[in-house]
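When the letters of the sequence shown are read in order and numbered with my numbering, they come out as residues 2 to 344.
Take a look at the structure below.
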Amino acid sequence: MANIFSFLFGGGRFASTEKYEKSLKREKESYIRFTNDASSEHLLRYNELDKLVHSGEFKTKVNNLKKEKQYKKSVERNLFDEYVRLQKDREIKWYFEALKQKNFKTFEEWTLTFEDDFETSLLNANKWMTGYYWGKALMNDNYVLAGEKQYFKDYNISVQNSILRLTTQKDTVRGKSWNPAIGFLEKEFEYSSALISTGQSFRQKYGRFEAKVRFNKNYPVVNAFWMLGEKMTPQIDIFKSTNPKGKSVESGIHTMDSKNKVLHLLKNISGTKFGGHFYIYSLEWTSDLLVWKINGTEVHRETKNIPNEPMYLTFCTTLPENPNSGQIPAYMEIDWVRCYQKA
């Protein structure tokens, strides 16, 4: 059974994406139920009666009434019976068990700050821009980096069945390429792809950032989910597909040392076949720690060179080399994106 399950959902060292999402859904439903119970009239009444019946004054009154054989028809007896009924109430019992177990830490500890489930037929322009941030901000135009074989075109972005798709294809287009030594150069490209980012709409320092992503082709088709601030470094790669067979992804940070030398602090993560399967890629970022997770399993952490500036999200597919026959068309699909801050 384990082998069949691994085959269906990607297998390897990670819980299946379907199983992991179901656990998150159950946790969310429990948290909503818990918060609803916490403010319910039933629980408020129970807490009121619980305080009353355990008070010394109430106990003394009950003892006196029992001595005088007046307890059975007293207000105190009615209040105590009401308390016992509420104590046996299924929802109240569930609430106190949940309070003890704390099975919804994810939603108790984190507050949602950004979300897109791609429910509309078009990309939400209020949330996403297309193309590198500085191209849009300074020129209102796209560009790609020197060495990239593709150019970004918006027609490679589509939404269907609540899934965003970025397509890479054979395509003859003209556009700008940026080379730090000579600046922008107009050139012709043989391939086109797509990029989306929140550079103009959403940035955040610290928190949890995650997305459910699938890609169908491997290197030299490079699929990436990454974060950037105002400069080219630091850059956080939440995941990047760099393995020719799709058997690993890369996560880590690109930063500068004290001598302005670029450091690439990256880790190759293996243990399953990533190509062709949805996985939930996450980053948890605090002032002194970066933790990468895949389907809830920690895969990498950094305790040095921690960025301390707001960053925006970027998803893209690039071609650092010309693909071989059969490697395109290719696509990267995004089911949802969510960001949180510590509550």
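In this text, a Cβ means the ideal position worked out from N, Cα and C, and glycines have one as well.
If you draw a straight line from the alpha carbon of Gly253 to that of Ser283, how long is it in whole angstroms? 12 Å
Just confirm the distance between the C-beta atoms of Val316 and Phe203, as a whole number of angstroms; I'd bet it's less than 8 Å. Inspection of the sequence shows that residue 316 is occupied by Phe rather than by Val. Their Cβ separation, rounded to whole angstroms, is 13 Å, which puts Phe316 and Phe203 out of contact at 8 Å.
Check whether the region 319 to 331 touches the region 220 to 230, counting contact only when three or more Cβ pairs, one atom from each stretch, lie closer than 8 Å. yes
What is the DSSP secondary structure of Leu165, reduced to helix, strand or coil? strand
Since Phe35 is in the alpha helix (DSSP H), which residue starts that stretch and which ends it? Thr18 to Ala39
Do Gly230 and Met312 have their CB atoms nearer than 8 Å? yes
In this structure, does DSSP put Gln88 in helix, strand or coil? helix
Nearest residue (CA-CA) to Thr121, options Leu165, Tyr152 and Asn104: Leu165
May I ask you to list the residues that DSSP assigns as paired with Val160? Leu165
Indicate whether Ile93 and Tyr134 have their beta-carbon atoms separated by less than 8 Å. no
Start and end of the alpha helix (DSSP H) containing Met228? First-last for Met228: Val223 to Leu229, but that is the beta strand (DSSP E), not the alpha helix (DSSP H).
Just tell me which of Lys246, Leu124, Phe81 and Glu334 has its CA closest to the CA of Val55. Contrary to the premise, residue 55 reads as His rather than Val in this sequence. It is Phe81 whose Cα lies nearest to the Cα of His55.
With a threshold of 6 Å on Cβ separation, who are the neighbours of Gln201 within its own chain once the five nearest residues in sequence on each side are excluded? Met130
Which same chain residues end up closer than 6 Å to Asn325 when comparing Cβ atoms and leaving out the 5 residues on each side of it in sequence? none
If the criterion is Cβ atoms closer than 8 Å, does the pair Val160 and Phe119 meet it? yes
Starting from Arg46 and walking both ways along the alpha helix (DSSP H), at which residues does that stretch end? Glu42 to Val54
Mind reading off the beta-carbon distance from Ile158 to Lys213? Whole number of angstroms is fine, and I expect it under 8 Å. With 8 Å as the limit, Ile158 and Lys213 do not qualify as a contact, their Cβ atoms being about 17 Å apart.
Check whether the region 325 to 343 touches the region 88 to 105, taking contact to mean three or more Cβ pairs, one atom from each stretch, closer than 8 Å. no
Identify the residues that DSSP records as bridge partners of Gln342: which are they? Thr112
Beta-carbon spacing of Thr169, Pro308 below 8 Å: no
Alpha carbon of Glu42 to alpha carbon of Phe35, nearest angstrom: 13 Å
Would you identify the three-state DSSP class for Gly57, choosing helix, strand or coil? helix
Leaving out five residues on either side along the sequence, give the residues of the same chain with a beta carbon under 8 Å from the beta carbon of Phe10. With a pLDDT of 40 at Phe10, under the threshold of 50, the modelled position of this residue cannot be trusted, and the question is left open.
Sort out for me which residues DSSP pairs Val174 with in a bridge. Phe190
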